[in-house]
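Enquirer: Supplied in structure tokens, the structure appears directly below.
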Amino acid sequence: MRIGVMTGGGDSSGINAVLRTIVTQADRNGDEVYGILRGWEGLLLGNLKRLTLENTAHIMYAGGTMIGSSRTNLFKVENGFDTALEVADKFNLDAIIAIGGDDTLGVADHFCSLGLKAVGLPQTIDNDVGGSDYCIGFDTAVTRIVEDIRSLKTTSASHGQDVVVETMGRETGWLAAVSGLITEAEAIVIPEMSISFDAVVAKIADAHQKGNNGCIIVVAEGCELEGCERIEQVVDAFGHKKLAGIGYGLRDQLQRALGSTIRCHIMGYVARGGDATAYEVTRAVEFGREAYRMVKAGGFGKLIGYRNGRTMDTDLEEVRIKRYVTAELIERIAELY
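In this note's numbering, the protein residues as written are 7 to 343.
Dropping the structure here:
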């Protein structure tokens with residue numbers, strides 16, 4: 007059996023552990039694995055590479071993806087799906103395992119409707135793919151953010167300066183919510199909640215009155231706050247604005263309202279890189295094993311996910327339903343105000 011595997015969208019730590027696991031399982035059964043280089047782009051151009059036990063050795067904890075990634079949107083490429091299907095047929099691929107977020111997996115789902123046999127794995131530090139309670143990359147990203155916030159806490163306390171920390175996450179606040187709660191941030195702002203700028207000001211002002219002049223304010227990049235301008239960059243291949251800068255806008259407005267100097271720290275791409283955590287690798291190995299098992303069993307059009315404490319599968323079309331921060335976490339954040 008010849009299995010193609012690809013990674014699309016933003017990278018994260020844990021992907022390589024999935025790749026290594028799939029290769030290991032395939033080798034035990036005499037199957038071949040081909041890495042589709044740079045995501046769907048590789049399927050368009052016919053750029054594939056045989057993955058073996060030798061060339062995937064020592065990658066289990068390594069960050070990034072050894073087969074590259076891109077944001078190629080086949081829906082916007084003329085004859086994109088037809089070309090990709092021809093390439094898959096040319097390389098005699100019996101199935102494809104797609105690793106990525108909702109855009110990448112949405113393409114995989116469409117491929118299934120065209121007759122290509124595919125299985126999906128949720129991978130994004132945003133942790134927002136429908137059909138799974140966990141996405142590869144999330145734990146490592148949270149760990150990176152928590153490490154930075156803990157370091158910022160000591161310097162902010164020493165100088166008596168508040169710090170706004172902006173996290174990735176697009177339209178969801180998983181990274182901001184979890185990292186903010188773990189580090190006991192004074193204020194957390196996420197897209198799922200209607201938190202006014204005045205409420206944030208009141209919270210920080212109250213902390214100052216109580217002698218805390220080194221507050222941490224964690225804000226998700228997808229938030230909209232009245233009076234806080236953001237820096238918006240270009241639109242990607244899937245039509246998403248590359249959100250950035252709400253942290254600076256919030257900092258500027260807080261400085262005006264509080265009359266104090268406030269720092270801003272953007273937790274950007276660093277959260278996506280570096281060695282994967284032990285928990286990350288554990289989830290990645292389970293996902294990889296289940297994806298391979300699903301391919302061998304002929305369970306195509308499925309998403310391998312994690313729900314209620316166990317690895318399981320669901321219909322791939324569920325990735326089209328974005329997963330937002332839970333009511334439980336929202337309630338805990340609301341208690342801050």
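Glycine included, each C-beta is placed from N, C-alpha and C at the ideal position. This structure is a prediction, so every number in the text was calculated from the model and none was measured.
(1) Starting from Y40, follow its DSSP beta bridges and name the residues at the other end.
(2) Nearest to Q261 by CA position, among N219, V184 and T149, is which residue?
(3) Look up R316 in the DSSP assignment and give the residues it is bridged to.
(4) Could you have a look at M300 and say whether DSSP puts it in helix, strand or coil?
(5) So, under 8 Å CB-CB, A227 and E172 are touching, yes? Tell me the CB distance rounded to an integer number of Å.
(6) Select from T89, L181 and R289 the residue whose C-alpha is nearest the C-alpha of G52.
(7) Enumerated in chain order, which unbroken segments of the alpha helix (DSSP H) with a length of 4 residues or greater are wholly contained in the segment 69–127?
(8) Here's the rule: buried if 16 or more other CB atoms are within 10 angstroms of the residue's CB, otherwise exposed. What is F306?
(9) Contact between the segment 202–209 and the segment 287–303 is defined here as three or more beta-carbon pairs at a separation below 8 Å; is this criterion met?
(10) Is R326 helix, strand or coil by DSSP?
(11) Is it buried or exposed for H165, if we count other Cβ within 10 angstroms and need 16 for buried?
(12) Tell me the DSSP secondary structure of V225 in three-state form.
(13) Alpha carbon to alpha carbon, what distance is there between R150 and G126?
(14) How is the alpha helix (DSSP H) around E337 delimited, first residue to last?
Expert: Concretely, from the data shown:
(1) In DSSP, Y40 forms a bridge with G10 and R56.
(2) Nearest C-alpha to Q261: N219.
(3) Answer by DSSP bridge pairing, in chain order: R313.
(4) DSSP places M300 in helix when its eight states are reduced to three.
(5) First, the amino acid is wrong: residue 227 is Glu here, not Ala. Contact between E227 and E172 holds: their C-beta atoms lie close to 6 Å from each other, under 8 Å.
(6) Restricting attention to T89, L181 and R289, the CA atom closest to the CA of G52 is found in T89.
(7) List check, alpha helix (DSSP H) in window: 86–96 and 108–119.
(8) With 16 or more other Cβ atoms within 10 Å, it is buried.
(9) The segment 202–209 makes no contact with the segment 287–303: fewer than 3 CB pairs, one atom from each, lie closer than 8 Å.
(10) Of the three classes helix, strand and coil, the one that applies to R326 here is helix, per DSSP.
(11) Counting the other Cβ atoms within 10 Å of the Cβ of H165 gives fewer than 16, which makes it exposed.
(12) Strand, per DSSP.
(13) C-alpha separation (whole angstroms): 26 Å.
(14) Looking at the DSSP string, the run of the alpha helix (DSSP H) that includes E337 is A333 to A340.
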